[in-house]
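So for the sequence shown, the working numbering puts the first residue at 545; every next one is plus one.
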Amino acid sequence: MQVKIHYLFISFDTNLYHLNNKQSAAVQHIHGPLLVLAGAGSGKTSVITQKIAHLMNNCGYKPHHIAAITFTNKAAREMKERVIKLLDGQNSRGLIVATFHNLGLNFIRKEIAHLPLRENFSIFDAQDCLALLKELTPAEIAGDKSRLMEIQTQISSWKNDMVAPHHAMAVSKDALQREAAHLYERYQRHLHAYNAVDFDDLIRLPVDLLQKNEAVRERWQKKIRYLLVDEYQDTNSSQYLMVKLLVGLRSKLTVVGDDDQSIYSWRGAKPENLSLLKQDFPDLEVIKLEQNYRSSGRILKVANQVIDHNPHLFEKKLWSEHDYGEPIRVLELDNEEEESARITSEIITEQFQGKASYGDFAVLYRGNHQSRIIEQALMTRGIPYAISGGTSFFARAEVKDMLAYLRLVSNHDDDNALLRVVNVPRREIGPGTLETLGKFAQELQCSLFAAAKSEHLKGILSTRRWNFLNQFCTFIEAIPELIETQGLENSLQHMLHQMDYQAWLMETSASEKTAEFRWRNVQDLMGWIVNMQTDSEGQPQELAVIVNKMMLRDRLERQEEEEETDEVQLMTLHSAKGLEFNQVYLVGMEEELLPHKSSIEEDQIDEERRLAYVGITRAKKKLTFSMAKNRKRYGEWYQCQPSRFIEEMPEEDLVWEGAHSLPITEEQRQEKNKAQIANLRLMLKNKKKD
């Protein structure tokens, strides 16, 4: 026994030699609930991955008894890869590393017998849900997209707070909420009839079942014997309840979070969930990770001083063993064109002089609308760049429509595909017809398409409604036969012509130009599908195989976007969370931009300050703020005031360039001349390429 203890100690020490004392303490604490308060850049992912390995290597936990939850697929994938590497070939089968929504989906599939769903249920994305709400609302609301989206957000908020449809009216506080409450009941009824769930249901349904069914709750608590949760400050009410119910009285739990980086209140995140932990788990231990491995001391000093103006659940101060670093610059320019030109020139100069590569730079901003003029400046100078959060080709509505049609042609039992396109373009097959069809399919325990083909449906629907539905099914059934006789290319064009999809785009698009752009996307997709009729070895491929490959193509596209390339990164402050860059430009440091005007009016300055804090702590070596004295909004020029967050920073660490700056030195003048020469050479080089 002594030999075994000695062996375990050596194994543990070898794994943790590169962790600091606080990180090691967090990894070793396994006998009760633990909150790891992890500041920006403090190595929280190492703590989670090392702890999973420690639980398996040294504490007797089997991989299938451990679950780690995070918020993005990318984070989950990277976390699991790091754990597998730490295990060095040991078996990790059964280990759960997933997002909340993936865990919820897995739960629903395993416990479907206890839920009001059938096998092969559909998952509606935000676009599908908005389309359903539009069908359920009167014309005057359906035509007001912003109002419809407010209703969608309110329903989502109720689901996150576990408010059932029949309780929504009782908690409604104004006309919009009462309108949303009325729609909520109809919306949920139709989802049930369609055998479908939305993203919020992936958490709501498991939580509801765990609360009500003791046997299911005990089974999952025995299955997950240790739970780890990353980015805990981003959890909403239903996610917090899921964690609490899965952990139970055993309280074997580690959560990692930072209230100073809670920036998602608009999607239901509640940083106060951190404070609830102490209430629900009286034995909670708190370990603070304050050593930052990313940024210079000066950047951290500025970050600390800004965030100190917020109230705190837990006090902490970031510090670093890195050098104090360069002064933080504040660029004050005349307008946004000058702001973009200045940033572009500086990037060119540093890259030309070999001081930095394009990939070292990130330009961060509060809102997506700020990227346009920066993008234009970079494009004009031939600087490679990437914008995070752009719409994928396969996420466009017209592309999703076409793929749904082809999925249904290939597989008549694809309920989600049928629901997407049965009334696109309009065929007078409304939500009432589909609700009846859904209930009938539930009775027959078959797909919606099979139910629509049943002779017994004639006696349930009116003749007119049945005819519309039957015409749609006949149209779908005719396409495979057409492909056999006319070939794939001709059949696809015939399908588009028959449904008059181009006219539908003209009718539903904001402008003729937008409709033409969307029609080109459809034609591009059809061209790709035709070109995929044979595989790389010249063998013919069935339409079903081609469609499945096209559905996977978006995932591959996203993975390629995640690969590191030598490009300037443009992104919002929300998108930048979790990332780091050698040099950061935080643009638009002005009142009514950061902090945003709506947040000022709604007295939500604390979250805006946390956004600024997130932006500051993305920088490793150099940080530059920029602001314009004048900025155009909605076609009008406005005078701008510096952001209050600039005033909260230590003056001795800022160097102003602009109205507040000192006269230019000879050295600065020479650097400016070099930059102009570099710009000229780059322009000549790009001209030769053209």
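Glycine residues also receive a C-beta, built at the ideal position from the N, C-alpha and C atoms. Note that this is a predicted model, so its numbers are computed, not measured.
With respect to the 8 angstroms criterion, Tyr902 and Ile927 are classified as neighbours on the basis of their beta carbons. When DSSP states are grouped into helix, strand and coil, Val1074 belongs to the helix group. Annotated three-state conformation of Asn1126 is strand, per DSSP. Between the stretch 579–594 and the stretch 834–849 there are three or more C-beta pairs closer than 8 angstroms, enough to call the two in contact.
The three-state secondary structure of Gln989, taken from DSSP, is coil. With respect to Ser795, Tyr738 sits apart: the two C-beta atoms are not nearer than 8 angstroms.
The residue among Ser954, Trp863, Ala847, Met1039 with its C-alpha nearest the C-alpha of Pro1194 is Ala847.
Ranked by how close their Cα comes to the Cα of Asp804, the residues Pro826, Val641, Asp852 have Asp852 in first place. In the three-state reduction of the DSSP assignment, Tyr784 falls in the helix class, which pools H, G and I. Residue range 588–602 is occupied by the alpha helix (DSSP H) that includes Ile592. Taking 8 angstroms as the cut-off, the Cβ atoms of Glu1135 and Glu876 do not count as close. The beta carbon of Ala941 sits closer than 7 angstroms to those of Gln671, all from its chain and outside the five residues before and after it, given in chain order. Here Gly898 is exposed: its Cβ has fewer than 16 other Cβ atoms, across all protein chains shown, within 10 Å. In the DSSP assignment, Ser795 falls outside any alpha helix (DSSP H) and carries neither an H nor an E. Between the stretch 611–625 and the stretch 766–781 there are three or more C-beta pairs closer than 8 angstroms, enough to call the two in contact. The continuous beta strand (DSSP E) containing Ser666 extends over residues 666–668. In the displayed model, Val580 falls within a strand according to three-state DSSP. If you compare the alpha carbons of Gln895, Gly1132, Lys595, Arg951 with that of Thr1168, the shortest gap goes to Gly1132. Counting other Cβ atoms within 10 Å of its Cβ, Met923 stays below 16 and is therefore classed as exposed. Your pair Leu820 and Leu857 does not check out as a contact, with CB atoms roughly 10 angstroms apart and the cut at 8 angstroms. A check of alpha carbon separations from Ala570 across Arg761, Glu758, Leu735, Thr798 identifies Thr798 as the nearest.
Between Leu1049 and Ala1059, the C-beta gap is smaller than 8 angstroms, which places the two residues in contact. By the C-beta density criterion, Leu754 is buried, having at least 16 other C-beta atoms within 10 angstroms. Val627 places its beta carbon 8 angstroms or farther from that of Val800.
For Met946, the enclosing alpha helix (DSSP H) starts and ends at 941–954.
The C-beta of Glu894 has 16 or more other C-beta atoms within 10 Å across all chains shown, which makes the residue buried. Approximately 5 angstroms separates the beta-carbon atoms of Phe984 and Ala995; this is inside 8 angstroms, confirming the contact. DSSP places Tyr837 outside both helix and strand once states are collapsed to three, so it counts as coil. Here the alpha carbons of Ala725 and Ala712 stand approximately 5 angstroms from one another. Less than 8 angstroms separates the beta-carbon of Asp957 from that of Phe993. Following the DSSP letters along the chain, one finds Lys756 inside the alpha helix (DSSP H) bounded by residues 745–756. By the beta-carbon neighbour count (other beta carbons within 10 angstroms, threshold 16), Asp1110 is exposed.
Taking a contact as a CB-CB distance under 8 angstroms, the pair Gly812 and Asn780 counts as one, their CB atoms being some 4 angstroms apart.
Restricted to the stretch 896–926, the beta strand (DSSP E) segments that are unbroken, complete and at least 3 residues in length are 905–909, listed in chain order.
Across the set Ala708, Asn757, Ile574, Gln567, the C-alpha of Asn757 shows the shortest separation from the C-alpha of Leu659.
Between the C-alpha atoms of Val966 and Val1066 there is a straight-line separation of about 18 angstroms.
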